[in-house]
Amino acid sequence: MALPERKTDIGPPHYEQFLPPVIKKNYGKWLYHEVLSPGTMKHVAESGDEIYTVRVASPRLLSTDSIRDICEIADKYCDGYLRFTTRNNIEFLVSDKSKLDPLVKELKEKNYTIGGIGPRVSNIVHTQGWVHCHSACTDASGLVKSIMDELYEYFTEKELPNKVRLAVACCVNMCGAVHCSDIAIVAVHRKPPVVDDENVPKLCEIPTTVASCPTAAIRPNPKTKSIIINEERCMYCGNCFTVCPPISIHNPEEDGVAIVVGGKVSNLRSDPKFSKLAIPFFYNDPPRWPKVVQAVKNILETYAKHARKHERVGEWVERIGWERFFSLTGIEFTFQHIDDFTFARDTFRTSAAFKF
Amino acid sequence: MSGKYKTPMLDELEKGPWPSFVTEIKKAAKKSDMAEDELGQLEKSYNTKRGYWKHGGIVGVLGYGGGVIGRYSSLPEEFPGVAHFHTVRVNQPSGFFYTTKALREICDIWDKYGSGLTNLHGSTGDLVLLGTKTENLEAVFAELSSRGWDLGGSGSAMRTPSCCVGMARCEWANIDTMDLCNELTQYYQDQLHRPAFPYKFKIKISGCACDCVAAIARADLSIIGTWKDSIQINQDEVRKYAEAGLDIQKEIVDMCPTQCMYYNPEDKTLKIADAECNRCMHCIAKMTKALRPGKEKGATLLVGSKAPIVVGSLLSWVIVPFMKLTPPYDDLKELIDKMIEWWDDNAKPRERIGELIEAKGMRAFLEAIGVPPMPQQVKEPRKDPFFFWAESDFKK
Amino acid sequence: MEQAELQEKIYEFMQKMKGKKKLKEKDIIKHISGETGEDKDVVKKALRAMIDEGRLMYSYGGGASSVEIPSEEYLREKGLIK
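Residue numbers (my numbering), protein chains in the order written: chain Y, 1 to 356; chain B, 357 to 752; chain U, 753 to 834.
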């Protein structure tokens, strides 16, 4: 069968054709919204029109069969309109209020996970992991599933002092805003890469490879036409592996994950912040990474117990001080916690006022 | 074809209440050899704690240099279904809105030519079709583009812009994020499909300082809606919040970072010293019926954020504190063009614009794009008494 | 200069550089524009036409995009040769 004629540079379809009529009518004229339950909210327009949203979790990795199932529900209750959130949730958009309760009922019957709105844990933003990435040194989807099984009720029900944004990155390239999340997991290497001297000259540009190292640990090796790594200087970032595949940074026995905390992107109350190191390392422990899951839960619940209402994790830690964060959570403080990279000097304490 | 692999490790991840990605792969595996071998290879990764994907390869559709990420298994004999398992990035519509008709159309195409696995959505925002063979790429592109879909960006190019829900369903949107996102995506079609930049360039657009797309953390150009005049107050609604039990003094006034608010518990009214307000959105987000952003709306433009590779993460820096943004956004387009031109002329390969600004100095960047120095651009002025004087500074 | 002639110059340059250095679109345009005196936009247009018809192609490797002469495998896959 002949293929239809291809078109180039047309860009995405115009969003307007995908908007429910009530949104089109009240576009830019919304007045306020109310959170009705952990997974439902109502937006009211200046005209008095209303739209209801039901938020449902997804694993981000979706089969076409599941997308069709979701479409069937959206046809039944939402006139065929739906959207997704930046955190990989599905949002059913209900224009007819009488369809709201039946929709929620059917979603519950079909075991969809409703929630994630308000001061709770929302879906975890994450990367591809072993599912589909060459650079991954853990599996993002497996970590997400294991953590969210454990924190399930913080998505569907339980309130926290404020929103808690979780993220998982399967290497330090960090596709997604892992570096500014309340609690995030980032996979790390701990050993210098192994150089395949035979293939480096065939596949890589030596100057580019040398230049790729942030700590100047790579120099050319004129004898082999390959490169030499000064292992003492290597910080295992893997950037050389990205530009030159025969430099293998993977080390299944010594790769693992770190936990960082206290980042945020919103400007509410305090400036956006980077996440900072809480726990430098866990071994990869598939399929369920139990120690990582418990560590995340411990940080979350310590925050829930001690933070004031509306404080994000980072705001809470800044109020009580990092030394207090370590004593309250019982997390050990190590050499890895003290920065020795680009912005190190801004992190050393320059005051005699602190806590014991 | 299902049941080719025993997957005891992955089966563990079908237990528990959270939706399981393993169940999704198994669903697709019932219909696709590719998805089935994906399952087999992933189980192996769970046993050996390592991935089996090679570096991206050189694949794409004719004429484009992006939108397809080459992916090959390093174990093609053991898992032939994923010998090729390329990603197709489909440019999402602004705000991630869809009709079921449109989604089903994409599913039909993907069942025919791909693994049946997707990501809704990838980190940048594209609708990601996960896993197809090289020989199917032109067919997938013809089927998609003839139905009005195009590919997103990858490589050293403009990446697919993305935005928050904005005016479609949010009362806090100070700019029309979805329209702007669509406009910029259309304007940069050439740069998006044909990688000619030193490295990636990302644009993300949020309607207010809540920043629901995390623009400030992961976009080379972060566009964040704001306003210039006074917060609109509805005192009737303030009173209703108080009567409904909100502790306005403790939860709103005491948490205001600029201490610009005064609450009178006698008559239950709220006053704001707007000149002192820094527009953080805390009070508006907590009292959405009573408080609204002002009427003089626009956006702050910030530049430079990125993930840690390679000398550390950056958040975007304020460059233009306030700009009115109305269609067709010519002023903005002109300014972005200038930013990109300066970056393209000066950057080393794989150098992001934030890194270049650090290397060349903020002054060089501001002068190149014609933006004057303003106190909003810095947290504080410099500390040490070492500073440059240019010829032009003496003439003043 | 005729576009065809310009394209020959580009192709010659690409052949010469093959396996030596990964070239970005900008590198090619800069070099050919310098060599021929043609405006950069004219060179860009000629280059684009070559990429559109598969005589050259975009490539990706080492974390960056570049332009190169396509392999036979690529041309066969695109149906440009048998």
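Cβ coordinates follow ideal geometry from the N, Cα and C atoms, glycine included. Values in this document were obtained by computation on a predicted structure and should not be read as measured data.
Under 7 angstroms between C-beta atoms of residue i and residue j
i	j	result
Val795(U)	Ser785(U)	yes
Thr582(B)	Gly80(Y)	no
Lys362(Y)	Trp374(B)	Lying before the first or after the last residue shown, residue 362(Y) is absent from chain Y, which here runs from 1 to 356.
Thr302(Y)	Thr329(Y)	yes
Pro664(B)	Val178(Y)	no
Glu231(Y)	Pro192(Y)	yes
Tyr32(Y)	Thr644(B)	yes
Lys410(B)	Ser430(B)	yes
Ala295(Y)	Ile259(Y)	yes
Pro290(Y)	Tyr402(B)	no
Trp505(B)	Val446(B)	yes
Glu494(B)	Val417(B)	yes
Phe453(B)	Phe18(Y)	yes
Ser376(B)	Glu370(B)	yes
Glu380(B)	Ser275(Y)	no
Cys175(Y)	Thr127(Y)	yes
Glu527(B)	Asp585(B)	no
Trp673(B)	Leu688(B)	no
Thr614(B)	Asn590(B)	no
Gly815(B)	Gly481(B)	The structure shown does not extend to residue 815(B), since chain B is modelled only from 357 to 752, so the question has no answer here.
Gly660(B)	Ile713(B)	yes
Gly710(B)	Leu671(B)	no
Glu593(B)	Ala629(B)	no
Contacts around residue i, its chain only, beta-carbon distance under 8 angstroms, and the 5 residues preceding and following it disregarded
i	result
Thr86(Y)	Val125
Cys568(B)	Cys520, Val521, Ser562
Val210(Y)	Ile218, Arg219, Pro220, Ile227
Expected contact under 8 angstroms - CB spacing of residue i and residue j to nearest Å
i	j	result
Ala187(Y)	Val257(Y)	5 angstroms
Asn239(Y)	Cys213(Y)	7 angstroms
Arg168(Y)	Ala140(Y)	Correcting the residue identity first, residue 168(Y) is Val in this sequence and not Arg. Yes, they are in contact, since the Cβ atoms of Val168(Y) and Ala140(Y) sit about 5 angstroms apart, within 8 angstroms.
Val35(Y)	Ile90(Y)	Going by Cβ atoms, the distance from Val35(Y) to Ile90(Y) rounds to 17 angstroms, so no, they are not a contact pair.
His337(Y)	Leu277(Y)	5 angstroms
Leu784(B)	Val444(B)	Given that chain B is displayed from residue 357 to residue 752, the structure contains no residue 784(B) and the question cannot be resolved.
Ile725(B)	Trp698(B)	7 angstroms
Lys460(B)	Cys71(Y)	For clarity, residue 460(B) is Arg in the given sequence; the question names Lys instead. Arg460(B) to Cys71(Y), Cβ: 6 angstroms. Contact.
Leu758(U)	Ser818(U)	With 8 angstroms as the limit, Leu758(U) and Ser818(U) do not qualify as a contact, their Cβ atoms being about 20 angstroms apart.
Lys558(B)	Ala575(B)	4 angstroms
Gln732(B)	Pro649(B)	That belief does not hold up - the Cβ atoms of Gln732(B) and Pro649(B) are roughly 18 angstroms apart, past 8 angstroms.
Cβ-based neighbour list, residue i, same chain, cut-off 7 angstroms, excluding 5 preceding and 5 following
i	result
Ile692(B)	Leu577
Glu5(Y)	none
Gly472(B)	Ala384, Lys387, Ser388, Ala391, Trp466
Ala571(B)	Lys560, Ile561, Ser562, Ser578, Ile579, Ile580
Tyr544(B)	Met514
Asp532(B)	Gly522, Met523
Leu832(U)	Gly806
Leu93(Y)	Pro20, Ile51, Thr53, Cys78, Tyr81, Leu82, Arg83
Gly451(B)	Cys519, Val521, Gly522, Ala524, Met534
Met357(B)	Annotation note: pLDDT 46 at Met357(B) (below 50); position unreliable, coordinate value reported separately. Once the five neighbours on either side are set aside, the close Cβ partners of Met357(B) are Asp389, Glu392.
Val313(Y)	Val164, Asp182, Ile183, Val261, Gly262, Tyr303
Ser512(B)	Pro551, Phe553, Pro554, Tyr555, Lys556
Ser377(Y)	Past the boundaries of the shown model lies residue 377(Y); chain Y is included only from 1 to 356, so the question cannot be answered.
Thr612(B)	Just to set this straight, residue 612(B) is Cys in the shown sequence, not Thr. These residues qualify, in order along the chain: His638, Cys639.
Contacting residues, own chain, Cβ-Cβ under 6 angstroms from residue i (five flanking each side not counted)
i	result
Arg55(Y)	Gly39, Asn89, Glu91, Gly116, Ile117
Asp196(Y)	Pro246
Glu777(U)	Val819
### Query
Which ranges does the alpha helix (DSSP H) cover as unbroken runs of at least 4 residues, wholly within the segment 125 to 180 of chain Y, from first to last along the chain?
140 to 150, 152 to 156
### Task
Tell me the start and end of each unbroken alpha helix (DSSP H) in the segment 591 to 643 of chain B that is at least 4 residues and wholly inside, in chain order.
591 to 599, 638 to 642
### Query
Could you give the uninterrupted runs of the beta strand (DSSP E) lying entirely in the segment 42 to 90 of chain Y, keeping only those of 3 residues or more?
50 to 56, 61 to 63, 81 to 84
### 4-residue-minimum alpha helix (DSSP H) runs that sit fully inside the segment 264 to 317 of chain Y, ordered along the chain
290 to 306
### Query
Which of the residues in the segment 722 to 737 of chain B, read from start to end, lie with their CB under 9 angstroms from any CB of chain U?
none
### chain U contacts made by the segment 470 to 501 of chain B, where a contact means CB separation under 9 angstroms
Thr490, Glu491, Leu493, Glu494
### Message
At 3 residues or longer, what runs of the beta strand (DSSP E) sit wholly inside the segment 470 to 539 of chain B?
### Response
470 to 475, 483 to 488
### Unbroken stretches of the beta strand (DSSP E), 3 residues or longer, contained in the segment 655 to 721 of chain B
673 to 679
### Message
Closer than 8 angstroms between beta carbons: that is the criterion. Which residues of the segment 447 to 458 of chain B meet it against chain Y?
### Response
Asn447, Gln448, Pro449, Ser450, Gly451, Phe452, Phe453, Tyr454, Thr455, Thr456, Lys457, Ala458
### Query
Of all the residues that make up the segment 656 to 683 of chain B, which are near chain U by a beta-carbon distance shorter than 8 angstroms?
none
### Query
Which residues, taken in chain order from the segment 38 to 50 of chain Y, show a beta carbon closer than 8 angstroms to some beta carbon of chain B?
His43
### Task
Scan the segment 815 to 830 of chain U for residues whose Cβ lies nearer than 7 angstroms to a Cβ of chain Y and list them as they occur along the chain.
Gly815
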